[in-house]
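Chemist: If you count the sequence shown from 1, position 228 lands on 208 in our numbering, and the numbers rise without skipping. For each residue, glycine too, the CB sits at the ideal point set by N, CA and C.
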Amino acid sequence: MTGAQLVVELLSRQGVKEVFGYPGGAIMPIYDALYGAPVKHYLTRHEQGAGFAAVGYARSTGKLGVCLATSGPGATNLITALADAMMDSVPLLAITGQVPTAAIGSDAFQEVDVLGMSLSCTKHSYMVEHVDELAQVLQEAMHVAQSGRPGPVLVDIPKDIQMAQVPFHPWLAEEFDEQPIVCETQLARANELLAQAQRPVAYVGGGVQSADAQSELMAFLNASKMPAVSTLKALGSVLPSYEYDLGMLGMHGGQAANLAVQQCDLLVCIGARFDDRVTGNLAKFAAKAKVIHLDIDRAEIGKRKPVAAMLHADLKASLPALKPVLSSEAWQQHVQDMMKTHAWRYDFPGEEVYAPKLLSQLSQQLPDNAVVCCDVGQHQMWVAQHMKFTHPSNHLSSGGAGTMGFGLPAAIGAQIARPDNLVLTVSGDGSIMMNIQELATIRRNNLPVKILILDNQRLGMVRQWQQLFFEGRYSETNLSDNPDFVQLAAVFGIPGQTITRGDEVAQAIDALVSSQGPYLLHVCIDDKANVWPLVPPGAANDEMMTENAK
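#1: Residues in the same chain with beta-carbon distance under 6 Å from Glu527, minus the five sequence neighbours each way, listed in chain order, please.
#2: Spatial neighbours of Ala293 within its chain, please: CB distance less than 6 Å, with the 5 preceding and 5 following residues excluded, ordered by chain position.
#3: Between Val351, Trp362 and Ala323, which has its C-alpha nearest Leu339's C-alpha?
#4: Which class does Gln496 belong to by DSSP, given the choice of helix, strand or coil?
#5: Suppose the cutoff is 7 Å on Cβ atoms and the five residues either side in sequence are ignored; what does the same chain contact list for Leu118 look like?
#6: Leaving out five residues on either side along the sequence, give the residues of the same chain with a beta carbon under 7 Å from the beta carbon of Val124.
#7: Determine the contact status of Ala65 and Asn57, defining contact as a CB-CB distance below 8 Å.
#8: Rounded to a whole number of angstroms, what is the C-alpha to C-alpha distance between Lys530 and Leu448?
#9: May I have the straight-line CA-CA distance separating Leu376 from Ala82, to the nearest angstrom?
#10: Jot down the residue ranges of each uninterrupted beta strand (DSSP E) in the segment 13 to 61, minimum 3 residues, whole runs only, in chain order.
#11: Since I believe Ala335 is in contact with Ile276 (beta carbons under 8 Å), could you give me their beta-carbon distance rounded to a whole number of angstroms?
#12: From Ser(-8) to Glu(-2), what does the alpha carbon distance come to, in whole angstroms?
#13: Report buried or exposed for Asn425, applying the criterion of at least 16 other Cβ atoms within 10 angstroms of its Cβ.
#14: Quick check on Tyr2: does DSSP put it in helix, strand or coil?
#15: So within the segment 260 to 343, which uninterrupted alpha helix (DSSP H) runs reach at least 4 residues, ignoring any that extend past its ends?
#16: With a CB to CB cut of under 6 Å and the five nearest residues on each side skipped, what residues in its chain are close to Val515?
#17: Count the C-beta pairs between the segment 466 to 479 and the segment 495 to 511 that are closer than 8 Å, then say yes if the count reaches three, no if not.
#18: Rounded to the nearest angstrom, what separates Gln(-6) and Val46 at their Cα positions?
#19: Can you tell me the Cα-Cα spacing of Phe265 and Val241, whole angstroms?
#20: For the beta strand (DSSP E) holding Met361, just list the boundary residues, first then last.
#21: Taking the alpha carbon of Lys285 as the reference point, which residue from Met367, Cys249 and Gly128 has its own alpha carbon closest?
#22: Starting from Val218, trace the beta strand (DSSP E) in both directions and tell me its first and last residue.
#23: What residue does the alpha helix (DSSP H) around Ala561 start on, and which one ends it?
#24: Using the rule of at least 16 other Cβ atoms within 10 Å of the residue's Cβ for burial, across every protein chain shown, is Leu99 buried or exposed?
#25: Indicate the three-state DSSP secondary structure (helix, strand or coil) for Gln78 in the structure shown.
#26: Mind pulling the beta strand (DSSP E) runs of 3 or more residues that sit fully within the segment 110 to 196?
#27: Which residue's Cα is closest to the Cα of Gly187: Ala391, Ala488, Gln126 and Gln313?
#28: Ser51: which of Ala17, Arg169 and Pro138 sits nearest, CA to CA?
#29: How close, in whole Å, do the beta carbons of Met143 and Gly16 come, if the pair is a contact with beta carbons under 8 Å?
#30: With burial defined as no fewer than 16 other Cβ atoms inside 10 Å of the residue's Cβ, what is the status of Lys213: buried or exposed?
#31: Taking 8 Å as the cut-off, does the segment 410 to 429 touch the segment 76 to 94 (at least 3 CB pairs, one atom from each stretch)?
#32: Just list the residues that DSSP pairs Cys504 with in beta bridges.
#33: Would you say the segment 315 to 327 touches the segment 351 to 361, given that touching needs at least three Cβ pairs under 8 Å?
#34: If you reduce the DSSP assignment to three classes, tell me which class Ala520 lands in.
#35: Can you give me the Cβ contacts of Thr480 inside the same chain, cut-off strictly under 6 Å, excluding the 5 residues immediately before and after it?
#36: Using the three-state DSSP reduction, which class does Pro71 fall into: helix, strand or coil?
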C-alpha cells in the first residue's frame, strides 16, 4: 500500500474512528486515502479549530484525539493546540504533511520546520525520513501519546513518502511498556505520615483523569474523610456528594479551599504539579505541611515543592496502596465550619443578570453526563466556582495554556465523541470571536452544541487586572463594538436569544437546555463585574482579596 493508505490503516487498527483537519497540497495523498475509508474526517474551518476539536474529543473520552494539517501555515496553525495539549496532558496525535524529501531545506513553497517548532510543545515529535520508517513511527507515536503521562505527539510526513509504496511490520508496544512500581520504602513512609497527620488535605490534580482513577480516589477519600481541593483540570474528580469537597483552590479558588491548604499539616498531592496559579507564593504555600506526592511523571515530583514521601507510579496502583486514616473529628468540624462561613452567596441586588447565580442555576438543570467546555477569562473562573461536575471528562477548560478560542471547537470534538450527551460551551464575548468560524462546522454536521456567551463588552479578566493593579488604566479591553451574536448565529442557521435581566434567566436556561439542535444564549452582564476571591500576584493563598475588601 502507499504511505498515505498505511496512515489510514494504522489509525483504523488503533480504533480511531474520527479525525479533524483541513486539507492542503502537502497532505493531499492522505486525504485521498481517507476518501471512502472507515475513518470519518470532520472538516473544521481553521487548523487551530481542528486541533482543539481533537483535544475536546480526547478529553471528553480519554481516547486518542487526531488532527491533520498540511505543511507550512497549516502545520503552524496547529502549534497552539499542541501547546495546550502539552500543558494539560492530553493524548493527541497531529499528522502534518511536509514538502517532498528532495525539497526539504530549499525554502520550498509552504516549507516550515514544524519538527523544530514543535519540540518545545510536544511530548515527542517525528519527521519520517524514509519509507521504511513510516509504520514504526506511526505506531510508536500513538503509543507514546497515550502511555504514562499522556501528551501530544507530532508526525511530519513528506509528500513523496505518502505516495510511495511502503512495507508494514507490526510494532509491539509491549516491549517498551515498563510501568513504574510503587516503592515499598516510600509507601511505608507515606503511610506513616498519614497515620501521624492531624490536619490532612488531599490536593487533587488532572492526573486522576489521565489515569482513569476516580473510583480509587473516591475510595481513598471516603475511607479517610479527608478534605479535598481540586485544580481547575481536576474538577469533577471528587464527586459533588462528597461532604468534604472544598472545590477549586488557587488564584480564584474558594476561600475555604485555600484556607484549608494553608492550615493543613499534611498535603497529599494526587496527580498535580504545583502550578503557579494554584500555589500563589510558593514559599508560603502549605508552609506548615509535609507533602506526599503521587504522580506517574517522575520529573514533577519535587520539582517545585520538596516532598517527604513520593509514590512514582500509576494512580490506579498507588492510591489503593495507601492506608487511609480517618481524619480527626475536630479537623472535619473545622473544615465544615469554614465551608459554611465562606459559602457562595447568590443574593445579588438589582435587575441585572448575575453570572455566578446563572451558572449555578444552569448547573442544577444540566444532566449529570453533560459536558461543559470553557474558553478563558472571567466566565471560565465563574464556571469553575459555581458549576458542579460528576467526572473530570465533563469539564473541559484550557488550564495550563489558558487559550482563548478553546471552547467552541473543543465542544465540537466532545459532541462528536459523545453524540448522546448534552454539550455546552460557555464563552465570553472576547473568547468566542477567536474561533467563531467553527459555527460553520456545527452547521455542516448538524451538531446540537449549546453556546452560552456571557457578554460584558470587555476583555473581562484583563479589565479586572487593569482596575486592581494598573490604576484603572483600561488599555485595549473595550469590546463595545461586538457584533450582534444572535444575528451572527442565525446566519449559520443557529437559533438563539439575548437576555439582559435576572428575571429572564429561568426561561432562557430552559430554552437552552431543551433545544433539540444547536442554540445560542447571549447574556448581557455588568461590565464592572469581577471574579472573587482573588489571590494577588506574590501573595499567599490565605491573603485573598474579596469583594468586600476590594
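Modeler: Let's see:
#1: Counted from its first residue, the sequence shown places residue 527 at position 547. Same-chain partners within the cutoff: Trp512.
#2: On the sequence shown, position 313 is the one that residue 293 refers to. Hits under 6 Å: Pro160 and Val162.
#3: Within the sequence shown, residue 339 is the residue found at index 359, counting from 1. Leu339 has its Cα closest to that of Trp362, out of Val351, Trp362 and Ala323.
#4: Within the sequence shown, residue 496 is the residue found at index 516, counting from 1. Looking at Gln496 - three-state DSSP - the assignment turns out to be coil, as it is neither helix nor strand.
#5: Walking along the sequence shown from the start, residue 118 turns up at place 138. Closer than 7 Å at Cβ, skipping near neighbours: Val(-13), Leu(-10) and Val135.
#6: Numbered from its first residue, the sequence shown carries residue 124 at position 144. Taken in chain order, the residues that qualify are Lys103, His104 and Val133.
#7: For the purposes of this step, residue 65 is taken as the residue at position 85 of the sequence shown. For the purposes of this step, residue 57 is taken as the residue at position 77 of the sequence shown. The answer is no: Cβ separation not under 8 Å.
#8: On the sequence shown, position 550 is the one that residue 530 refers to. On the sequence shown, position 468 is the one that residue 448 refers to. Reliability of the predicted coordinates at Lys530 is poor, the pLDDT of 46 falling under 50, and no value is obtained from them.
#9: The residue labelled residue 376 in the question sits at position 396 within the sequence shown. The residue labelled residue 82 in the question sits at position 102 within the sequence shown. Looking at the two C-alpha atoms, the distance is approximately 42 Å.
#10: 20 to 23 and 45 to 49
#11: Within the sequence shown, the letter at position 296 stands for residue 276. Within the sequence shown, the letter at position 355 stands for residue 335. That pair is no contact at about 36 Å.
#12: To locate residue -8, count along the sequence shown from 1; it is residue 12. To locate residue -2, count along the sequence shown from 1; it is residue 18. Rounded to the nearest angstrom, the two C-alpha atoms are 9 Å apart.
#13: Working through the sequence shown from its first residue, we reach residue 425 at position 445. Exposed is the call here.
#14: Along the sequence shown, one-based indexing puts residue 2 at 22. In the structure shown, Tyr2 sits in coil (DSSP, three-state: anything other than H, G, I, E or B).
#15: 295 to 301 and 309 to 321
#16: Counting from one through the sequence shown, the residue named residue 515 turns up at place 535. If we look at Val515 and ignore the five residues flanking it on each side, its Cβ neighbours are Met231, Gly260, Asn521 and Met524.
#17: yes
#18: What you label residue -6 is simply residue 14 of the sequence shown in a count that begins at 1. What you label residue 46 is simply residue 66 of the sequence shown in a count that begins at 1. The alpha-carbon atoms of Gln(-6) and Val46 are separated by roughly 11 Å.
#19: Looking up residue 265 in the sequence shown gives position 285. Looking up residue 241 in the sequence shown gives position 261. Roughly 8 Å between the two C-alpha positions.
#20: The sequence position of residue 361 within the sequence shown is 381, counting from 1. Run containing Met361: none in the beta strand (DSSP E); it sits in the alpha helix (DSSP H), Gln358 to His366.
#21: Start at 1 with the first residue of the sequence shown, and residue 285 comes out as number 305. Checking every option, the nearest Cα to that of Lys285 belongs to Cys249.
#22: Stepping through the sequence shown from its first residue, residue 218 is reached at position 238. No beta strand (DSSP E) contains Val218, which DSSP labels as neither H nor E.
#23: Outside the shown range of the chain, which is -19 to 530, sits residue 561, and nothing can be said about it.
#24: Along the sequence shown, read from residue 1 onward, the residue named residue 99 stands at position 119. Exposed, because fewer than 16 other Cβ atoms sit within 10 Å of the Cβ of Leu99.
#25: Start at 1 with the first residue of the sequence shown, and residue 78 comes out as number 98. Here Gln78 sits in strand by DSSP.
#26: 132 to 138 and 180 to 184
#27: For the purposes of this step, residue 187 is taken as the residue at position 207 of the sequence shown. The option with the nearest alpha carbon to Gly187 is Gln126.
#28: Walking along the sequence shown from the start, residue 51 turns up at place 71. Comparing Cα-Cα distances from Ser51 to each of Ala17, Arg169 and Pro138, the minimum goes to Pro138.
#29: Translated into the one-based positions of the sequence shown, residue 143 becomes position 163. Translated into the one-based positions of the sequence shown, residue 16 becomes position 36. About 18 Å; that fails the 8 Å criterion.
#30: The count along the sequence shown starts at 1 and reaches residue 213 at position 233. That one is buried.
#31: no
#32: Within the sequence shown, numbered from 1, the residue matching residue 504 stands at position 524. For Cys504, which the question treats as bridged, DSSP gives the partners Asp435.
#33: no
#34: What you label residue 520 is simply residue 540 of the sequence shown in a count that begins at 1. Correct three-state label for Ala520: coil.
#35: Taking the first residue of the sequence shown as position 1, residue 480 is located at position 500. Cys504.
#36: Mapped onto the sequence shown, residue 71 falls at position 91. Pro71: coil per DSSP, three-state reduction.
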